[in-house]
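Engineer:
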Amino acid sequence: MNPTIVSFVYLVAGILFILGIKGLTKPKTAVRGNTLSALGMLIAVVVTLLDSSIVNFSYIIAGVLVGGIVGATMALRIQMTSMPQMVALLNGFGGGASLTIALAEYYSKLGQAPTSFADILTPIAISTSAFGQGAEGTIALISIGLTVLIGAVTLTGSFVAFAKLQELMKKSYGLPGGPIGNAIFLIAALAAVVSLVMNPGNTVAMVSIVGLALMLGLFLVMPIGGADMPVVIALLNSYSGIAAALAGFILGNTVLIVAGSLVGTSGLILTQIMCVAMNRSLANVLFGKMAAGGETVDADEIYAGKVTSAQPDEVALMLEMAERVVIVPGYGMAMAQAQHAVRELADAMEAKGTEVEYGIHPVAGRMPGHMNVLLAEAEVPYDKLVEMDRINPTFEDTDVVIIIGANDVTNPMARESEGSPIYGMPILNVDKAKNVVVIKRSLSPGFAGLPNPLFAMDHTLMVYGDGKKAVIEMTTALNQA
Amino acid sequence: MEILILLLALFVLSLFLGVELITKVPPTLHTPLMSGTNAVSGITLVGALLAAGSDSSPILVNVLGFIAVTLATINVVGGYLVTNRMLAMFKRK
Chain A
898 MNPTIVSFVY
908 LVAGILFILG
918 IKGLTKPKTA
928 VRGNTLSALG
938 MLIAVVVTLL
948 DSSIVNFSYI
958 IAGVLVGGIV
968 GATMALRIQM
978 TSMPQMVALL
988 NGFGGGASLT
998 IALAEYYSKL
1008 GQAPTSFADI
1018 LTPIAISTSA
1028 FGQGAEGTIA
1038 LISIGLTVLI
1048 GAVTLTGSFV
1058 AFAKLQELMK
1068 KSYGLPGGPI
1078 GNAIFLIAAL
1088 AAVVSLVMNP
1098 GNTVAMVSIV
1108 GLALMLGLFL
1118 VMPIGGADMP
1128 VVIALLNSYS
1138 GIAAALAGFI
1148 LGNTVLIVAG
1158 SLVGTSGLIL
1168 TQIMCVAMNR
1178 SLANVLFGKM
1188 AAGGETVDAD
1198 EIYAGKVTSA
1208 QPDEVALMLE
1218 MAERVVIVPG
1228 YGMAMAQAQH
1238 AVRELADAME
1248 AKGTEVEYGI
1258 HPVAGRMPGH
1268 MNVLLAEAEV
1278 PYDKLVEMDR
1288 INPTFEDTDV
1298 VIIIGANDVT
1308 NPMARESEGS
1318 PIYGMPILNV
1328 DKAKNVVVIK
1338 RSLSPGFAGL
1348 PNPLFAMDHT
1358 LMVYGDGKKA
1368 VIEMTTALNQ
1378 A
Chain B
335 MEILILLLAL
345 FVLSLFLGVE
355 LITKVPPTLH
365 TPLMSGTNAV
375 SGITLVGALL
385 AAGSDSSPIL
395 VNVLGFIAVT
405 LATINVVGGY
415 LVTNRMLAMF
425 KRK
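First to last, the sequence lines map onto chains A and B.
In terms of the working numbering, the first sequence opens at residue 898 and continues consecutively.
In terms of the working numbering, the second sequence opens at residue 335 and continues consecutively.
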């Protein structure tokens, strides 16, 4: 196939990816955008398959079959509550694909592969010019080294993120020395990249980059706790895009660069949004613990004798009188699979003329937009899902706020208590509402490990128990009233 | 070298374009955005196909290419399908 035509088709594919993301700026155009993006992928792949350098189709057919079956099975069977796990895996596969492409390119230029352990240790005589003329050879080697590094970190980091989300790994392990230990691994890996660029036949350097980067990925993510996963997933998403863009530099491929940099910026912007929503720096999420607050707050002191509990049918009476109700969901709603029950409760209230909206904190759930997808699955119209900045001014005119499975994002200490570790974090100002109902198993603290003074306020009622069961009982009582 | 400068220009302009586009995506669609960009990053399939199908002497290149094709295809097929599944839920009203 004529290289001019190939480049032109890649340009069209790039435009379709851009239009695809543009479609995602509105729910109405989003499906069309996704289809355009998929069309771009299809033409890019088809025109590549016509390339004359492809002579052996058996590996391609095998890979496409295996990948297609695995991908389709995952996509069609995954539950919406488990979307963070799926995205974590896809991030990892993206990093893995860039890693293996860079390795394939390296060994292809080398013209030979190690067949024994001794081969790995024996440097091969090859000059930089095998990778390109003059500076091009150097830059190709830098790109190969960095793609391998970022791809490998993304691969193992994402698998740890998956294990944490799936609750296969509950404890947090880290390197001794924390960020210093990680920095040593990173510097060692970068030194191996430099060594590879100086002497491209030094296969030990290549093997070292792979090994060090795979371990760095593990150690970076292992110490990070579950509620910080939205940041980690967004960051790894970004890495997978950067790795793809770097692979584009290795192959001199324009569409890889365009697509990879779009994905890279997307992940970075989401990372930034998540960090702002937690009032923490990226470094703090990655390496810090939640800052140990000045004075330790005694939970018993806050709660003693001040917490009022209620039964679901008492809440139903209150809901019957309410004109405006806001539902605040958190990860607990996903855990209890209560999204359908919540929507039925909202339906029952709306049938009685009550206005119902949902207040969504940016870090509610385990990934950006997690709550929105769960509620959309339960057929809640998207215009009822209101983001924090728009819902906050409305709480004063709200009769009842129902909090299900959320905790830290409603804690007024973030607004008032200056010594508190979460001070300054933007929260949903639910305490401004006339009544607050908290559905929760117990008074146990959230991820930040802090007591929530909201639970002890005079206008707050605690409904203890399983979220789904409590909501269903409220709906039943409301329908009978 | 001139080609490298052109590729670098393309990279930098794409980053700016990415910022302009992504900041306009509403929080409601952030999960589909992530799975959709997973699918887009499957564009590495293009590079993977060239490696897997090449007529190169070390067989290792084809094997690495096969792994890359498999992983990138999972991203493409899985990413687009699951994004479509989610977006269809947002569309109905």
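By construction, the Cβ of each residue, glycine as well, lies at the ideal position given by its N, Cα and C atoms.
From a predicted model like this one, the values you see are computed outputs, not experimental measurements.
Distance check for Met1119(A) and Ala1189(A), CA to CA, integer angstroms please.
Structural biologist: Because the pLDDT of Ala1189(A) is 44, which lies under 50, any placement of that residue in the model is unreliable, and the number read from its coordinates should be weighed accordingly. Those two C-alpha atoms are separated by around 20 angstroms.
Engineer: To the nearest angstrom, how far is the alpha carbon of Met1175(A) from that of Pro1323(A)?
Structural biologist: Cα to Cα, Met1175(A) sits roughly 7 angstroms from Pro1323(A).
Engineer: At 9 angstroms on the CB atoms, spell out the chain B contacts of Ile951(A), in chain order.
Structural biologist: Per Cβ cutoff of 9 angstroms: Leu383, Leu384, Ala386, Gly387, Ser388, Asp389.
Engineer: Spell out the partners DSSP gives Leu1284(A) in its beta bridges.
Structural biologist: Position check: residue 1284(A) holds Glu in this sequence, whereas Leu was assumed. BP columns for Glu1284(A) point to Ile1257(A).
Engineer: When you compare the CB of Ala343(B) with every CB in chain A, is at least one pair closer than 8 angstroms?
Structural biologist: So no, Ala343(B) is outside the interface.
Engineer: Going by the DSSP bridge assignment, what does Tyr1386(A) pair with across the sheet?
Structural biologist: The shown model of chain A, from 898 to 1378, leaves out residue 1386(A), and the question about it has no answer.
Engineer: So, with DSSP's three-state summary, where would you put Met1322(A)?
Structural biologist: The answer is coil: DSSP assigns Met1322(A) none of H, G, I, E or B.
Engineer: Can you give the Cα-Cα distance for Ser348(B) and Val1360(A), rounded to whole angstroms?
Structural biologist: Distance between the alpha carbons of Ser348(B) and Val1360(A): 50 angstroms.
Engineer: How big is the Cα-Cα spacing for Ala1010(A) and Asn1099(A)?
Structural biologist: The straight-line gap from Cα to Cα measures roughly 12 angstroms.
Engineer: Give the secondary structure of Leu1358(A) by DSSP, where H, G and I count as helix, E and B as strand, and everything else as coil.
Structural biologist: Strand, per DSSP.
Engineer: Quick one: list the residues of chain A neighbouring Ile337(B), beta-carbon separation under 7 angstroms, in chain order.
Structural biologist: In chain order: Gly1149.
Engineer: With a cut-off of 8 angstroms on the beta carbons, I'd call Leu341(B) and Gly1149(A) a contact; round off their distance for me.
Structural biologist: That belief holds up - the Cβ atoms of Leu341(B) and Gly1149(A) are roughly 7 angstroms apart, short of 8 angstroms.
Engineer: Use the C-beta contact count for Phe1056(A): other C-beta atoms within 10 angstroms, 16 or more gives buried, fewer gives exposed.
Structural biologist: Buried.
Engineer: Taking the alpha-carbon positions, what's the Gly1108(A) to Leu1083(A) distance?
Structural biologist: Their backbone Cα atoms lie some 11 angstroms apart in a straight line.
Engineer: Just grab the DSSP bridge partners of Ser1206(A) for me.
Structural biologist: BP columns for Ser1206(A) point to Met1359(A).
Engineer: Using CA atoms only, rank isn't needed, just tell me which of Thr1295(A), Ala1245(A), Asp1305(A) is closest to Ala1261(A).
Structural biologist: Considering only alpha carbons, the answer is Asp1305(A).
Engineer: Since Phe990(A) meets chain B, which of its residues come closer than 7 angstroms, beta carbon to beta carbon?
Structural biologist: In chain order: Leu405, Ile408, Asn409.
Engineer: Do you know offhand how far Leu363(B)'s Cα is from Leu913(A)'s?
Structural biologist: Near 19 angstroms, if we compare the C-alpha coordinates of Leu913(A) and Leu363(B).
Engineer: So, is Arg974(A) buried or exposed, given that buried needs 16 or more other C-beta atoms within 10 angstroms?
Structural biologist: Exposed, since its Cβ has fewer than 16 Cβ neighbours within 10 Å.
Engineer: Can you give me the Cβ contacts of Met423(B) inside the same chain, cut-off strictly under 7 angstroms, excluding the 5 residues immediately before and after it?
Structural biologist: No residues qualify anywhere along the chain.
Engineer: If you measure between the beta carbons of Val1334(A) and Leu1358(A), is that distance less than 8 angstroms?
Structural biologist: Result yes, Cβ atoms of Val1334(A) and Leu1358(A) sit closer than 8 angstroms.
Engineer: Chain B beta carbons: is any one of them nearer than 8 angstroms to that of Met983(A)?
Structural biologist: So, interface residue.
Engineer: Whole angstroms is fine: what's the gap from Met1112(A)'s alpha carbon to Ser1013(A)'s?
Structural biologist: For Met1112(A) and Ser1013(A), the distance between alpha carbons rounds to 23 angstroms.
Engineer: Tell me which residues share the same chain as Ile1139(A) and place their Cβ nearer than 7 angstroms to its Cβ, disregarding the 5 neighbours each side in the sequence.
Structural biologist: Cβ neighbours of Ile1139(A) beyond the five flanking positions: Ile1047, Gly1157, Gly1161.
Engineer: By Cβ distance, which residues of its chain are closer than 7 angstroms to Val1129(A), with the 5 residues on each side in sequence left out?
Structural biologist: Cβ within range, chain order: Ala1058, Val1118, Ile1121.
Engineer: Counting Cβ pairs, one atom from each stretch, are 3 or more of them under 8 angstroms apart for the stretch 999–1006 of chain A and the stretch 1078–1092 of chain A?
Structural biologist: The stretch 999–1006 of chain A is not in contact with the stretch 1078–1092 of chain A.
Engineer: Listing by chain order, which chain B residues have their CB less than 7 angstroms from the CB of His1267(A)?
Structural biologist: Under the 7 angstroms cutoff, chain B gives Thr365.
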